[in-house]
Structures are given as structure tokens and as C-alpha cells.
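**Student:** Got a structure for you, questions after.
In full-length UniProt numbering, the protein residues as written are 1 to 137.
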């Protein structure tokens, strides 16, 4: 029946396909360590924010909050709207901002952008009767 002796226990030489599977067990998927490196780089650059302490949920942002804030403030300034109050809805859904890059921005990202402007003393997030708003300086 089968081979006996040392030859029977010798490992088989891997085929090119088996070698590829051994080197990259799941084609198209990064090892966890590589994913962690990428996520940490995004965090360092301000494009990722962890949503929990265990670092299992995160938000990836196309632009950093400071960049969104800068775009919003440029629009406010070029239109002479400093010392004006806006609802959050007006900023991201109003007719006046329809052609602006920040039009349609989600509320969480908008708040992060406005908080960045608030830290620069260019805006103040305020509570209005019908929700939140912002005053620009």
C-alpha cells in the first residue's frame, strides 16, 4: 500500500499556489497589524476619531474638522456674514450654501468643524428654541 520509511514522512514541496496561500492566507485582506498602522496614521493626521475606548469603532473623515471649519468660515467671510447667527440646518441644507462643498455635511461632522472654529474664537455654538445654531465672529 503506502510508502514506508523516512520518505513517507518528508514534507511535500509546496506548489506555487500553496506557497501563495501560505504567504497570503486571505488574498485581498490586510493583517490586523497593518490595519492598525493605517488607522493610527489616519488618527495622527486628524482624519480618524475613535468612537469608543476599546478602539473597535471609528469615524473616518474625508476632511479634518479644522478643514471643514475653514471652508465654512471662508464662506461666512466672503459673504459678509460675520456677526450673524445660523441654525445648523441653514448651514448645511439652506439655499444659500447649495453650491458650497460643505452643503449636505452630516451634523456630527458639522459640529466638529464648528467646535474647531469655536476654539479659534471665530464662532460660538449656541442653543436656539428649535435646536442648535452658531454665531460667527
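No residue lacks a Cβ here, since even glycine has one placed at the ideal position from N, Cα and C.
(1) Strictly by DSSP, which residues pair up with residue 131?
(2) Which parts of the stretch 53-113 are runs of the beta strand (DSSP E), unbroken and 3 residues or longer, counting only runs that do not cross its ends?
(3) Please report the distance separating the alpha-carbon of residue 37 from that of residue 31.
(4) Are the Cβ atoms of residue 86 and residue 134 separated by less than 7 Å?
(5) Per DSSP, which residues does residue 136 bridge with? Please list them.
(6) Would you mind giving the Cβ-Cβ distance between residue 59 and residue 48, rounded to the nearest angstrom? I have them listed as a contact below 8 Å.
(7) Can you look up residue 42 in the DSSP assignment and give me helix, strand or coil?
**Tutor:** Here's the rundown:
(1) 128
(2) 58-60, 85-87
(3) 10 Å
(4) yes
(5) 123
(6) 7 Å
(7) helix
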